[in-house]
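**Student:** In the numbering used here, the protein residues as written are 5 to 332.
Using N, Cα and C, we set each Cβ at its ideal position, and we do this for glycine too.
In this text, all values refer to a predicted model and were calculated from it rather than measured experimentally.
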Amino acid sequence: MQRAGGSGRGAGRAAVNIADTMNSGQVFLWRSVQKKGRGLWWYGVQGQETLRVDGDTGRTSTYRKGGKWSAYKKDLFRDSDNPGRIPESMPQDDVTAEAARRYRDLRIIRQDPYQCMVSFITSANSNIRRITGNLSRMAETFGRPVDVGGGAGTMHLFPAASALAGATIREIRECGVGYRAAYIKEASEMVESGEIDFGRIREMKDYGDMMDAMLAIPGVGNKVADCIMLFSLERLDAFPLDRWMLRVLGTRYGDVFGSRGSHAVSSAPSSAPSSSSPPSPLEHLTDKRYRAAHDKIAEYFGPYAGYAQQWLFKMARDDAGASWRQKM
DNA sequence: CCAAGGCCTGAATG
DNA sequence: ACATTCAGGCCTT
């Protein structure tokens, strides 16, 4: 476990745990390279830029022509959220408190919206290992190569929307994305044409309005929408509900969110639900039930509910065993 | 509105 | 070995 970014609270920036942040399922095109001395560099693709992060301090640079790295100015790790104080805004129940204590330095990465959209369309009904391979192949096939030197060598920028919009479904499918290829092409066409305008969507004040805009994108359902909103559209109250989160909410927040029969839900990831278990509000999430759940969750966890989601998600995965983690 | 079933793929499981 | 399951869902019926 590395904590970084200064020792004290109050005085300097709050700490940031780069490894936890990079390994929490938010991003897929980052990898670490051993520094010459102690520590790691993290190299990643962020839209049409290649970034490098100091694994100890979180200091972020962007690659410029001519082999230079210059300071990245977009607050990648959201220091402006004042992360050290976010736990105060959350409920003080035991589970949330434990997640905050263990993962308070796990940040939310401010991502490029188009890349984020394609990434999470690709993620649906998939797994991290495969998603990483899919996106890497898309970048290699449709993204411009950049030699950043150092230990990272040649990286590929994320494909521009025009590149994936102009590709054939077959070409996209050859990256291993299966039936999602058509969604990726169509969604890219919508971005290219301006039908999807992330700059405009980002300005929407109402969660429901923004959700409606996201659900108009092919391949985007509620869960993927929440990921895109949380990671790239400044919706920090977005709370992606996937199987893992449903399990956590059912087993550890049953009192709060009204899931019945929580004792019947095993903590083992592959356990099959009991065939005779009673229906729960958190099972078979339809759009309507998903939104209702969101409202209760946002009310309970507060304006930074998305951070709680990330911390709880990481805690659940870590406690279930680390075999899911992608090996790079 | 809701429930059920299909869907690419490949690593993991039996 | 070989078949089945399942993975951080979405879409259509």
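#1: Determine, using beta-carbon pairs with one atom in the stretch 141 to 153 and one in the stretch 76 to 96, whether at least three such pairs fall under 8 Å.
#2: Report all residues from its chain with a CB closer than 7 Å to the CB of R106; omit the five preceding and five following residues, and keep chain order.
#3: According to DSSP, simplified to helix, strand and coil, what is Q349?
#4: Could you give the DSSP three-state label for R333: helix, strand or coil?
#5: Any idea if S327 is buried or exposed, counting beta-carbon neighbours within 10 angstroms, 16 or more meaning buried?
#6: CA-CA distance, A302 and A242?
#7: Rounding to the nearest angstrom, what Cα-Cα distance links F317 and A167 in this structure?
#8: Just how far apart, CA to CA, sit A272 and S84?
#9: Assign H288 to one of two classes, buried (16 or more other C-beta atoms within 10 Å of its C-beta) or exposed (fewer than that).
#10: Could you tell me how far apart the beta carbons of F202 and Q30 are, in whole angstroms, since I believe they sit closer than 8 Å?
#11: Taking the alpha helix (DSSP H) that G198 falls in, what are its first and last residues?
#12: Who pairs with R35 in a beta bridge, going by DSSP?
#13: Spell out the partners DSSP gives M233 in its beta bridges.
#14: For G51 versus F162, is the C-beta distance shorter than 8 Å?
#15: Less than 8 Å between the beta carbons of G155 and Q314, yes or no?
#16: Taking 8 Å as the threshold (C-beta atoms), are L219 and A297 in contact?
#17: CB-CB under 7 Å to E238, same chain, minus the five flanking residues each way: which ones, in chain order?
#18: Taking all protein chains shown into account, decide if R204 is buried (16 or more other Cβ within 10 angstroms of its Cβ) or exposed.
#19: Kindly confirm or deny that the stretch 166 to 181 and the stretch 52 to 68 touch, where touching means at least three C-beta pairs closer than 8 Å.
#20: Could you pull out every residue in the same chain whose Cβ sits closer than 7 Å to the Cβ of K78, ignoring the five residues on either side in sequence?
#21: Beta-carbon within less than 6 Å of C231's beta-carbon, same chain only, minus the 5 sequence neighbours each way: which residues are those?
#22: For a test of the three-state rule: what should DSSP assign to H298, helix, strand or coil?
#23: What does DSSP give as the partner residues of Y211 in its beta bridges?
#24: Kindly identify the DSSP beta-bridge partner or partners of D151.
#25: Could you check the C-alpha separation between N21 and G262 for me, to the nearest Å?
**Tutor:** Based on what the coordinates show:
#1: Result no; under three Cβ-Cβ pairs closer than 8 Å.
#2: Counted from its first residue, the first sequence places residue 106 at position 102. Cβ within range, chain order: M319.
#3: An answer regarding residue 349 cannot be provided, because it is not within the stretch 5 to 332 covered by the chain.
#4: Outside the modelled stretch of the chain, which goes from 5 to 332, sits residue 333, for which no answer is possible.
#5: Residue 327 sits at position 323 when you count from the first residue of the first sequence. Because the pLDDT at S327 is just 47, under 50, the model does not fix this residue reliably, and the value given afterwards should be weighed accordingly. With fewer than 16 other Cβ atoms within 10 Å, it is exposed.
#6: Your numbering for residue 302 matches position 298 in the first sequence. Your numbering for residue 242 matches position 238 in the first sequence. Near 8 Å, if we compare the C-alpha coordinates of A242 and A302.
#7: Here the question's residue 317 lines up with position 313 in the first sequence. Here the question's residue 167 lines up with position 163 in the first sequence. If you draw a straight line from the Cα of F317 to the Cα of A167, it comes to about 33 Å.
#8: Here residue 272 refers to the residue found at position 268 when the first sequence is read from its first residue. Here residue 84 refers to the residue found at position 80 when the first sequence is read from its first residue. Model confidence at A272 stands at a pLDDT of 33, short of 50, so the residue's coordinates are unreliable and nothing is read from them.
#9: As a position in the first sequence, residue 288 is number 284, starting the count at 1. Under this definition H288 is an exposed residue.
#10: For the purposes of this step, residue 202 is identified with residue 198 of the first sequence, where counting begins at 1. For the purposes of this step, residue 30 is identified with residue 26 of the first sequence, where counting begins at 1. A Cβ-Cβ distance of about 17 Å is found for the pair F202 and Q30, leaving them out of contact under the 8 Å criterion.
#11: Walking along the first sequence from the start, residue 198 turns up at place 194. In this chain, G198 is not harboured by any alpha helix (DSSP H), its DSSP state being neither H nor E.
#12: The residue labelled residue 35 in the question sits at position 31 within the first sequence. For R35, which the question treats as bridged, DSSP gives the partners Y47.
#13: Counting from 1 along the first sequence, the entry for residue 233 is found at position 229. Bridge partners of M233: none, in fact.
#14: Residue 51 sits at position 47 when you count from the first residue of the first sequence. Residue 162 sits at position 158 when you count from the first residue of the first sequence. Yes, they are a contact pair.
#15: Sequence index remark: in the first sequence, residue 155 carries index 151 (1-based). Sequence index remark: in the first sequence, residue 314 carries index 310 (1-based). The answer is no: Cβ separation not under 8 Å.
#16: Taking the first sequence and counting its residues from 1, the one referred to as residue 297 is at position 293. Taking the first sequence and counting its residues from 1, the one referred to as residue 219 is at position 215. Cβ distance not < 8 Å, so A297 and L219 don't count as in contact.
#17: Here residue 238 corresponds to residue number 234 of the first sequence, with the count starting at 1. Cβ neighbours of E238 beyond the five flanking positions: R206.
#18: Sequence index remark: in the first sequence, residue 204 carries index 200 (1-based). R204 should be labelled exposed.
#19: Cβ pair count under 8 Å is below three, so no.
#20: Stepping through the first sequence from its first residue, residue 78 is reached at position 74. Excluding the 5 residues flanking it on each side, K78 has same chain C-beta neighbours closer than 7 Å at R114, in chain order.
#21: Start at 1 with the first residue of the first sequence, and residue 231 comes out as number 227. Cβ-Cβ distances below 6 Å link C231 to F124 and P244 in the same chain, with the five nearest sequence neighbours on each side left out; the list follows chain order.
#22: Locating residue 298 in the first sequence gives position 294, counting from the first residue. Here DSSP, grouped into helix, strand and coil, assigns H298 to helix.
#23: The residue given as residue 211 occupies position 207 in the first sequence. Y211 pairs with nothing; no bridge assigned.
#24: Counting from 1 along the first sequence, the entry for residue 151 is found at position 147. According to DSSP, which records beta bridges pairwise, D151 is partnered with T158.
#25: Numbered from 1 along the first sequence, position 17 holds the residue referred to as residue 21. Numbered from 1 along the first sequence, position 258 holds the residue referred to as residue 262. Each residue's Cα considered, the two are about 33 Å apart.
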